[in-house]
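Asker: Encoded as structure tokens, here's the structure I'll be asking about.
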Amino acid sequence: MIRTPLRPLARVLRARETGENPDLIERENRRLRQEAAHDQARGRAETRLLAVALLFMCAFVVLGARMGLLAATEPLELARGLPEDISSARADILDREGRVLATNLSTHALYAETHRMVDPEGAAHALAEIFPDIDAQRMAARFTDPNRRFAWIRTRLSPEQMQAVHDIGEPGLLFAPREMRLYPNGRMAAHVLGGATFGQQGVRAAEVIGVAGTELYFDERLRDPEQLGQPLQLSLDLTVQATITEVLEGGKQMLNAQGATAVLMDVFTGEVISLVSLPDFDPNNRPAPPTEGEPADSPLFNRAVQGYYELGSVMKAFAVAQGLDEGFVTPDSIIDTRGPLTWGRFRIRDFRNYGPELSVKDVMVKSSNIGTARIMQPIGAERQQEFLRKFGLLDTMPLELAEAARARPLLPDRWSDLSVMTISYGHGMSTSPLALATGYAALVNGGRKVTPTLLRQDRVQTGPQIISERTSQQKKLMLHQVVQEGTASFARISGYPIGGKTGSADKPNPRGGGYKKDAVLATFASVFPAHEPRYVLVVTLDEPVDTTGPEPRRTAGWTAVPVSAEITRRVAPLLGLRPISLDVANATLGLGQ
Numbered sequence: 295m296i297r298t299p300l301r302p303l304a305r306v307l308r309a310r311e312t313g314e315n316p317d318l319i320e321r322e323n324r325r326l327r328q329e330a331a332h333d334q335a336r337g338r339a340e341t342r343l344l345a346v347a348l349l350f351m352c353a354f355v356v357l358g359a360r361m362g363l364l365a366a367t368e369p370l371e372l373a374r375g376l377p378e379d380i381s382s383a384r385a386d387i388l389d390r391e392g393r394v395l396a397t398n399l400s401t402h403a404l405y406a407e408t409h410r411m412v413d414p415e416g417a418a419h420a421l422a423e424i425f426p427d428i429d430a431q432r433m434a435a436r437f438t439d440p441n442r443r444f445a446w447i448r449t450r451l452s453p454e455q456m457q458a459v460h461d462i463g464e465p466g467l468l469f470a471p472r473e474m475r476l477y478p479n480g481r482m483a484a485h486v487l488g489g490a491t492f493g494q495q496g497v498r499a500a501e502v503i504g505v506a507g508t509e510l511y512f513d514e515r516l517r518d519p520e521q522l523g524q525p526l527q528l529s530l531d532l533t534v535q536a537t538i539t540e541v542l543e544g545g546k547q548m549l550n551a552q553g554a555t556a557v558l559m560d561v562f563t564g565e566v567i568s569l570v571s572l573p574d575f576d577p578n579n580r581p582a583p584p585t586e587g588e589p590a591d592s593p594l595f596n597r598a599v600q601g602y603y604e605l606g607s608v609m610k611a612f613a614v615a616q617g618l619d620e621g622f623v624t625p626d627s628i629i630d631t632r633g634p635l636t637w638g639r640f641r642i643r644d645f646r647n648y649g650p651e652l653s654v655k656d657v658m659v660k661s662s663n664i665g666t667a668r669i670m671q672p673i674g675a676e677r678q679q680e681f682l683r684k685f686g687l688l689d690t691m692p693l694e695l696a697e698a699a700r701a702r703p704l705l706p707d708r709w710s711d712l713s714v715m716t717i718s719y720g721h722g723m724s725t726s727p728l729a730l731a732t733g734y735a736a737l738v739n740g741g742r743k744v745t746p747t748l749l750r751q752d753r754v755q756t757g758p759q760i761i762s763e764r765t766s767q768q769k770k771l772m773l774h775q776v777v778q779e780g781t782a783s784f785a786r787i788s789g790y791p792i793g794g795k796t797g798s799a800d801k802p803n804p805r806g807g808g809y810k811k812d813a814v815l816a817t818f819a820s821v822f823p824a825h826e827p828r829y830v831l832v833v834t835l836d837e838p839v840d841t842t843g844p845e846p847r848r849t850a851g852w853t854a855v856p857v858s859a860e861i862t863r864r865v866a867p868l869l870g871l872r873p874i875s876l877d878v879a880n881a882t883l884g885l886g887q
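Counting from 1, position 357 in the sequence shown corresponds to residue 651 in this note's numbering; the numbering is continuous, with no gaps.
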């Protein structure tokens, strides 16, 4: 910028010619220059003020819009600060016939915005009248806490409770929409379904997550948005499940048993048609896990899957099957049963004296411990382990339950020659009722291994051949003879021939070595129809006692067998099995020829 000189020469010369004072020119130019600088500074200041005003105006517009948006939405749970993009959707669970086992139900949760409450103490006492488990004094303290602006009161409400809360008329009590998991059949199949609870919770939604059973095992699949329209279909039959639960519960009460379990499985597909464990619970109101005592005493404990027990003589079926399959014996081979069988300082005895010798068939029918032990003696530990492992009895059961992966059989630290003999008749290693059912399925389905599953199958499994078809046929005949001639005579029912094996095992003492006195785990593993097995049923009763006779009777033949027979009598027609005569079954098995 070109600045005007304070004393321009031309004007100074003219002023001198006219007699004017040249200093006045300099004074005037200084004044003009100062005025120009002042105007320039003023313009700059006005521009800055305008920019600041526009900035404040934009900020007020943004804040006003945000405040308007917040006023139009439901309040967040300030105490948790969780995101509101929570999905509560969850696919249904159905039984094999399409009947609903688990679904979602729209409901509401109850919360309080304490800063909006008019009468917090009165509201607390009114809520205590609606919900008896609420402590009015503690609730009032929460409502009047100056540091609290938000409080959850109930995660779910019934329509009646919601109306009662609404009638209180307290503006600070508000309702939040919820999707809760509903089990319309109550306790039915509780251990299979497991249960669900709320995960992350916001005001507008709450996450529904599985906590046990199939709900936990298939949690990701049930919550997958792409599969919400595709229900999870299980292999369970709700009608059969209800029938078995009713009979098993009656048998448990009548025999004063501490617990009971039953597993019904298709011997060809491995489908679990029914799985019952008693005592059970209602998954709509799942109890808290126990903090003391024995885990097996809790209704949450799944005896069919988590319960690994010494099951007694039901294990003899595998020992005899190995002897037959590996050519050590035939059904007519004679076994020395003189007792007791001495091994070091140990004595192996039979329940009663069966004479000096028995055929292999009679070792099964009469359930001789000595006979079974002698069959296994030449086979040895290594081959016994290999044989039992082929049936899956030494490994975790691959069932679609979260609890199954955490349960493992208890095996001897050192598999000695004595272990070979005791394990042959069901002592010295533990297994679960589910594993037992899986093993028996392979014994009678032609010798093919099956994998248990809770998902409905459309075709028969083609598992590996683990015993020959000839051995499988021999086992079917022997199991049938156990019922017709041996320890399971109470399993004989008209129209439905049954094969099976009893097991009565002393219960180990949890507080020390040895076994409890007069405490038996009674098991009956059965297959039906005996001549062409379609299903295997394992029933186990914990410390049952039959008091109908002059003396208490605890063995499986008096306890588990009658309960199992009643279950079969009721469920066989439900499974589509037609009654046949015993003569037809005998002819099919080759008896009486």
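Just so it is clear, CB atoms sit at the ideal spot from N, CA and C, and this is done for glycine as well.
Locate the alpha helix (DSSP H) running through Gln888, then write down its first and last residues.
Answerer: There is no way to answer for residue 888, as the model of the chain reaches only from 295 to 887.
Asker: Among Arg448, Pro299, Leu343, which residue has its Cα nearest to the Cα of Arg324?
Answerer: Per the Cα distances, Pro299.
Asker: Would Ile447 and Leu404 qualify as a contact pair, given that the criterion is a beta-carbon distance under 8 Å?
Answerer: Contact flag set, yes.
Asker: Do Arg702 and Thr690 have their CB atoms nearer than 8 Å?
Answerer: Taking 8 Å as the Cβ cut-off, Arg702 and Thr690 qualify as a contacting pair.
Asker: Tell me which same chain residues have a C-beta within less than 8 Å of the C-beta of Ser762, skipping the five on either side of it?
Answerer: Counting only Cβ-Cβ distances below 8 Å, and skipping sequence neighbours, we find Asp619, Gly741.
Asker: Give the straight-line distance between the Cα atoms of Glu509 and Tyr648, rounded to the nearest whole angstrom.
Answerer: Cα to Cα, Glu509 sits roughly 50 Å from Tyr648.
Asker: From the DSSP output, read off the bridge partner residues of Gly504.
Answerer: Gly504 is bridged to Ala490.
Asker: Between Ala675 and Ser710, is the Cβ-Cβ spacing less than 8 Å?
Answerer: Yes, Cβ-Cβ distance for Ala675 and Ser710 is below 8 Å.
Asker: For Leu605, which of helix, strand or coil comes out of DSSP?
Answerer: Residue state, collapsed to three classes: coil.
Asker: Hey, Ser798 and Ala850 are a contact pair by Cβ (cut 8 Å); roughly how many whole angstroms apart?
Answerer: Yes, they are in contact, since the Cβ atoms of Ser798 and Ala850 sit about 5 Å apart, within 8 Å.
Asker: Near Ile428, what residues of its chain come up, given a Cβ to Cβ distance below 6 Å and the 5 sequence neighbours on each side ignored?
Answerer: Same-chain partners within the cutoff: Leu421, Ala422.
Asker: Roughly how many angstroms lie between the CA atoms of Ala729 and Glu651, to the nearest whole one?
Answerer: Going from the Cα of Ala729 to the Cα of Glu651 covers about 32 Å.
Asker: Is the separation between the beta-carbon of Ala385 and that of Leu526 shorter than 8 Å?
Answerer: Yes, the pair counts as a contact, with Cβ atoms nearer than the cut-off.
Asker: Return helix, strand or coil for Thr408, following the three-state DSSP convention.
Answerer: Looking at Thr408 - three-state DSSP - the assignment turns out to be helix.
Asker: Please report the straight-line C-alpha distance between Tyr734 and Tyr477, rounded to a whole angstrom.
Answerer: Distance between the alpha carbons of Tyr734 and Tyr477 is about 32 Å.
Asker: On a CA-only basis, which of Asp626, Gln671, Phe640 is nearest Asp656? Give me that one, please.
Answerer: Of Asp626, Gln671, Phe640, the residue nearest in Cα terms is Asp626.
Asker: Look up Lys795 in the DSSP assignment and give the residues it is bridged to.
Answerer: DSSP, once it has assigned bridges, lists Ala819 as partnering Lys795.
Asker: Could you tell me whether the segment 837–851 touches the segment 744–753, where touching means 3 or more Cβ pairs closer than 8 Å?
Answerer: No contact exists between the segment 837–851 and the segment 744–753.
Asker: Pull up the distance between the alpha-carbon of Ala309 and that of Glu322, whole angstroms please.
Answerer: Near 14 Å, if we compare the C-alpha coordinates of Glu322 and Ala309.
Asker: Can you find a CB in chain B that lies within less than 8 Å of the CB of Pro827?
Answerer: Protein chains in the displayed structure number just one, and chain B is not present.
Asker: Between the C-alpha atoms of Asp424 and Leu451, what's the straight-line distance to the nearest angstrom?
Answerer: A small correction: the amino acid at residue 424 is Ile; Asp does not occupy that position in the sequence shown. Distance between the alpha carbons of Ile424 and Leu451: 11 Å.
Asker: Per DSSP, what kind of secondary structure is Arg742 in: helix, strand or coil?
Answerer: If DSSP states are grouped into helix, strand and coil, Arg742 belongs with the strands.
Asker: Is Arg290 buried or exposed, if buried means 16 or more other CB atoms sit within 10 Å of its CB?
Answerer: Look at the range of the chain in this structure, 295 to 887, and you will see that residue 290 is not part of it.
Asker: Near Arg641, what residues of its chain come up, given a Cβ to Cβ distance below 6 Å and the 5 sequence neighbours on each side ignored?
Answerer: Pro634.
Asker: Using 8 Å as the threshold, is the segment 787–798 in touch with the segment 856–872, meaning 3 or more CB pairs across them?
Answerer: The segment 787–798, when compared against the segment 856–872, does touch it at the 8 Å Cβ threshold.
Asker: For Val754, which of helix, strand or coil comes out of DSSP?
Answerer: Of the three classes helix, strand and coil, the one that applies to Val754 here is coil, per DSSP.
Asker: Using a Cβ-Cβ cut-off of 6 Å (strictly less than) and excluding sequence neighbours within five positions of Arg632, which residues of its own chain qualify?
Answerer: So the qualifying residues of the chain are Pro650.
Asker: From the DSSP output, in three-state form, read off Val839 for me.
Answerer: Coil.
Asker: Are the segment 825–842 and the segment 548–555 touching by the rule of at least three beta carbon pairs closer than 8 Å?
Answerer: Touching, yes, given that three or more Cβ pairs across the two stretches are closer than 8 Å.
Asker: Determine the direct distance from the alpha carbon of Val356 to that of Ala373, and round the result to whole angstroms.
Answerer: Only weak support exists for where Ala373 lies, its pLDDT of 42 falling under 50; the coordinates are left without a value.
Asker: Confirm, please, whether the CB-CB distance from Ala506 to Glu697 is below 8 Å.
Answerer: Against a cut-off of 8 Å, the Cβ pair of Ala506 and Glu697 comes out as a contact.
Asker: First and last residue of the beta strand (DSSP E) that includes Ser653?
Answerer: Residues 651–653.
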